[in-house]
Each structure stands twice: as C-alpha cells, then as structure tokens.
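Quick notes on the structure that follows.
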DNA sequence: CTATCGTTCGACACCCTGTTGACAGTCTCG
DNA sequence: CGAGACTGTCAACAGGGTGTCGAACGATAG
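Dropping the structure here:
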C-alpha cells in the first residue's frame, strides 16, 4: 500500500483557486486552521474524492477511503475537513467558480449572431458539468439530504435563470422575440431542462440524448421556445 | 407509545392494486411469503414510510422508525421487506402504476384540440407526482445510489418519451408540426424538463415555477418546441 | 534543553444495518 | 386431542460506518 499522498488523477477540480488573497480564516466549513503546512494533504483528500466519485456514488464513499487515499488515518481526515459533505462542498465550489468564470467571459465576448449567443449560454453551463461530471453527479445525489449542497446548487441555478430571463426580456424589448410565457418562468423551465438532460446524458441512465448532440438539442428547444411563433397553422 | 398498526395517513400510495389476481409468489423483492395473514402489517409499514417521507429525506429515515411506526420490532420489519429500499420500491411501483393508468385513460379519451391533448400528456405525469410527492421526491433521491429505483424510474420515463416521440411524429406526418430536431431527442428533452421542473416546484428548492402555473408553463414550452417555426424574423 | 504548537492516530462511544436462533401462537391431519 | 409444520415475533449479535478524545510525536522557538 503506497503512502504517497498524491495519487495520479488526470484533472482534479481543485485547481489552486486563490493563490494571492489568502483568506484569513473561514470558521464555518473547511479545515480548522488556515496554516499552509498541511495544504498538500488537503489537496490529496480532494483529489482522492474526485477520483473515487468517478467509480462509485457519493453515498458509497466512506471517510476511511478518503483518508487512506490521501495517505492519512481517518481521525486525521477530520483535522482537515469536518465531514465528507465538506469535501464535496469544496469540490463543488471549485466547479461552480469555474462555471461562473466561463460564463462571465462569454458575457464579455458575445457571439455576433443570436444563435451563437444562446449557444454560449448553454455551453457555459455544460462545459464545467462535463469536465467534472463525477463532482456534479455526486452533488446532485447529495442535494436531497444536504441543505448546504442544495443551497450552493440553488444559488448557482438562480443566477443562470436570472441572466437568461434578462436576455429573453432584452430580445422581446427589441422586437426579436415574440411575447409569450413570463420570461422568468420560461428561463426557469429551460435551465432545469438543461440541468436534467445533461445529467442523464453524462450519467447514462434512462432515456438520454447522445453526448455529441446534447448542446444542439438543447439549443434547438431554447430557440423555438424563445423565438417560435405560438401557432403556425 | 401506541401499538396501533394503522397510523393516521391522509392518502397512502398503497391503494390495494390487485385484489383478485393474488400473484402466487414474487421471489425477488417484497416480503418473503404471500400469505394474507400479515398483510395489515405490510400496509402499516408502507403507510408509515410514506408519512415519514413527508417530514424528512429518505436517507434520514431508519428501518427502526419504519418498524416502530408500524408497531413491530426491527427484526420483524425484515420479515416483511428485505430492506428500506424495497419499501420505497413498493411505494414507487404503486405511484408508477397509477400514472400508467391515468395515462392510458387519457390516451383512450383524447381531447378534441391539440393543445388539450398535450395538456393531457403533461397532466398525466404531473398528477401522481403531485399527489404522492413524498414518494417521488424520495425516489429521486434514492435513484443515485439504488440501481433498482433507477431502473423503475428509467423504464417509466422511457415509456413517456416513446409515446411523446410517436405523437410528435404523427403531428409532423399530418403536416400539423414542422420538421425540426429528431422527435426522440425532442421528446427526451421535454420529458426531462417536466420531471425536473415539477420536482423543483414540489420540493420548493432553488428557482421554481409556482405550483398553480407549472402545467401552463410546461405546456407553453412543449407547444412552441413542437409547433413553433424556427426563426420568425 | 525544554516549552510550545501543529499534526497524527489508537481507542472509544454511538448509531445503523442485516442475520441468527429461540420461541410463541395457530392450523391441520392422523 | 396431540404431533408436526408453518407463520410471525424479537433479543442478541456481528459488522461497518461516523465523529470525538486524549496521548504522543516532531519541528521550531526561546
């Protein structure tokens, strides 16, 4: 059994978020002390978690496995994280932050045509979900029993819904899109559709859209729901 | 502590599905013996489970609570069900059966106008989900870690997707709907949208559509996605 | 050399699951 | 009516998971 604290993981979600700011102390969740000494251990736990989550569901991963994967004992794990849930939260925060970054970049460099702009909207949700599917699937699973995970996820969705609703309103105001359902309701339905369809595509359970087609399918529904005239015949 | 085996529950999902057929033996999941003697106990367990699930998530309900709620000890619980999962499965089967029944009834009595027909499609999914929201929410939660729950759910969705795809093809064939996305992909996306939007509406977490509006919103998206002309301007 | 502090883990208490074996009713048949 | 079979019941156990406590270890400062 190798005690090497850095297992080979292709692309962990941790990705050194804040090198400069060095948040003084976050007494809520996270490790107990912000000293930089055990940082490698913390990263090893996160990397181990993301790796294990690609193999089995969140509920089937034990704290002991997380600890052993990071080369430490179970009690030592609790020195770095207060629970298994906190590890998932840390992973999820990183993925959400990446999604936000990608989204903001897209907003600053909008595509020239409207189809391209909506494709950016959809792709910015899809990309981080796809590259860290294990974390996202685990978060979806834990959402039901963990209020903290649920809140992070809800806040994330809330921003996407607001942005999409604003975009729909803008298109209607400039006459590009016809009136129809309240923009907020429409944006809510479309965003949840994306979430669920992407989930099934990546999880592969139940009827699903092929991974290569999924953005085109979602985009097709968005365009018709936003721009389609109600009743052609 | 009352030993009364029938706790007061408003409308349990059990609903005595087959009084006459009396299936000889289902050796897979379910209770070990089909004799009618302990039937009340079995129903009491199911009723207790549905009642408890309205108060807390599936993961937080223990076998011991289920047993005590039904007026029996924990080992006795295992005489009736092999696990907590089997209880949820039995509850879910009843809800799914009810949804199927409602759907088949709608198919035999189609509304005269196309909007009414699509409303039937959406409402037949929504109604059982709504009247047994605790079971459905629990099933959604357990789906991630229970292959059996996942399979039941997937099969259920698969049928709805197939039926919706066939209906879309029929509308296109008779010239009522324009060509567009592959009908199967479109039906998949729309059905998952319904599932997720209904889930958030009933669970009340994250951005959601008001319960009174949800069928209208979903119907609006379906109609535009199916009948809307791609680009009006 | 010693005091301190960050870090580590053996051992513990507790909760939950699923199984075993003994036992109590009841029903049937000789 | 009494032996046997079968349903239903539970105390007790084994096993595995979580989270905590306190002793101990090593580096570093005084």
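Residue numbers (this note's numbering), protein chains in the order written: chain A, 372 to 604; chain B, 372 to 604.
For every residue, glycine included, the Cβ atom is placed at its ideal position computed from N, Cα and C.
These figures come from a predicted structure and were not determined experimentally.
Residue i - containing alpha helix (DSSP H), residue span
i                      : result
residue 471 of chain B : 455-479
residue 346 of chain B : With chain B covering 372 to 604 only, the question about residue 346 of chain B has no answer from this structure.
residue 416 of chain B : 410-424
residue 584 of chain B : Here residue 584 of chain B belongs to no alpha helix (DSSP H), and DSSP marks it neither H nor E.
residue 554 of chain B : 554-574
residue 446 of chain B : 445-451
DSSP three-state assignment for residue i, whether helix, strand or coil
i                      : result
residue 435 of chain B : helix
residue 493 of chain A : helix
residue 539 of chain B : helix
residue 579 of chain B : coil
residue 604 of chain B : Here residue 604 of chain B scores only 47 on pLDDT, less than 50, and its place in the model should not be relied on; the value that follows carries that caveat. Here residue 604 of chain B sits in coil by DSSP.
residue 386 of chain B : Since pLDDT at residue 386 of chain B reaches only 42, below the 50 mark, its modelled position is unreliable, and the value read off the structure follows with that caveat. Residue 386 of chain B falls in the coil class under three-state DSSP.
residue 502 of chain A : helix
residue 518 of chain A : helix
residue 396 of chain B : Because residue 396 of chain B carries a pLDDT of 36, less than 50, the predicted location of this residue cannot be relied on, and no value is offered for it.
residue 591 of chain B : helix
residue 402 of chain B : Legend: pLDDT at residue 402 of chain B = 43, less than 50; position of this residue unreliable, no value from coordinates given.
residue 547 of chain B : coil
residue 488 of chain A : helix
residue 440 of chain B : helix
residue 509 of chain B : helix
residue 482 of chain A : coil
residue 530 of chain A : helix
residue 407 of chain B : Reliability of the predicted coordinates at residue 407 of chain B is poor, the pLDDT of 41 falling under 50, and no value is obtained from them.
residue 430 of chain B : helix
Inter-residue CB distance, residue i and residue j (contact presumed, cutoff 8 Å)
i                      : j                      : result
residue 501 of chain A : residue 452 of chain A : About 26 Å separates the two Cβ atoms, so there is no contact after all.
residue 417 of chain B : residue 458 of chain B : 7 Å
residue 463 of chain B : residue 520 of chain B : 7 Å
residue 577 of chain B : residue 528 of chain A : 5 Å
residue 596 of chain A : residue 592 of chain B : 5 Å
residue 590 of chain B : residue 524 of chain B : So it is not a contact: roughly 23 Å between Cβ atoms.
residue 424 of chain B : residue 477 of chain B : Not confirmed; about 27 Å, so no contact.
residue 441 of chain A : residue 415 of chain A : 4 Å
residue 558 of chain A : residue 588 of chain A : About 18 Å; that fails the 8 Å criterion.
residue 594 of chain B : residue 486 of chain B : 7 Å
residue 495 of chain B : residue 479 of chain B : In fact, because the Cβ distance is near 12 Å, the residues do not count as touching under 8 Å.
residue 492 of chain B : residue 535 of chain B : 6 Å
residue 564 of chain B : residue 560 of chain A : 6 Å
residue 517 of chain A : residue 456 of chain A : 5 Å
residue 443 of chain A : residue 412 of chain A : 6 Å
_Can you pull out the residues from the segment 552-566 of chain B whose beta carbon lies closer than 9 Å to at least one beta carbon of chain A?_
The segment 552-566 of chain B vs chain A, Cβ under 9 Å: 552, 553, 555, 556, 557, 558, 559, 560, 561, 562, 563, 564, 565 and 566.
*asked:* With a threshold of 8 Å, are at least 3 pairs of Cβ atoms found where one atom belongs to the segment 503-519 of chain A and the other to the segment 434-443 of chain A?
replied: Segments in contact, no.
_What are the residues in the segment 473-492 of chain B lying within 8 Å of chain A by C-beta distance?_
Residues of the segment 473-492 of chain B with a C-beta less than 8 Å from any C-beta of chain A: none at all.
*Which residues, in chain order, does the segment 428-448 of chain A contribute to contact with chain B at a C-beta distance below 9 Å?*
Those would be 428, 429, 430 and 431, in chain order.
*asked:* Would you call the segment 534-545 of chain B in contact with the segment 557-577 of chain A, where contact means no fewer than 3 C-beta pairs closer than 8 Å?
replied: Contact fails: fewer than three Cβ-Cβ distances are below 8 Å.
*How do the segment 578-588 of chain B and the segment 547-562 of chain A stand: do at least 3 beta-carbon pairs fall below 8 Å, yes or no?*
Touching, yes, given that three or more Cβ pairs across the two stretches are closer than 8 Å.
*For the segment 524-539 of chain A, which residues have a beta carbon sitting closer than 9 Å to at least one beta carbon of chain B?*
Taking 9 Å as the Cβ-Cβ cut-off against chain B, the residues of the segment 524-539 of chain A that qualify are 524, 525, 526, 527, 528, 529, 531, 532 and 533.
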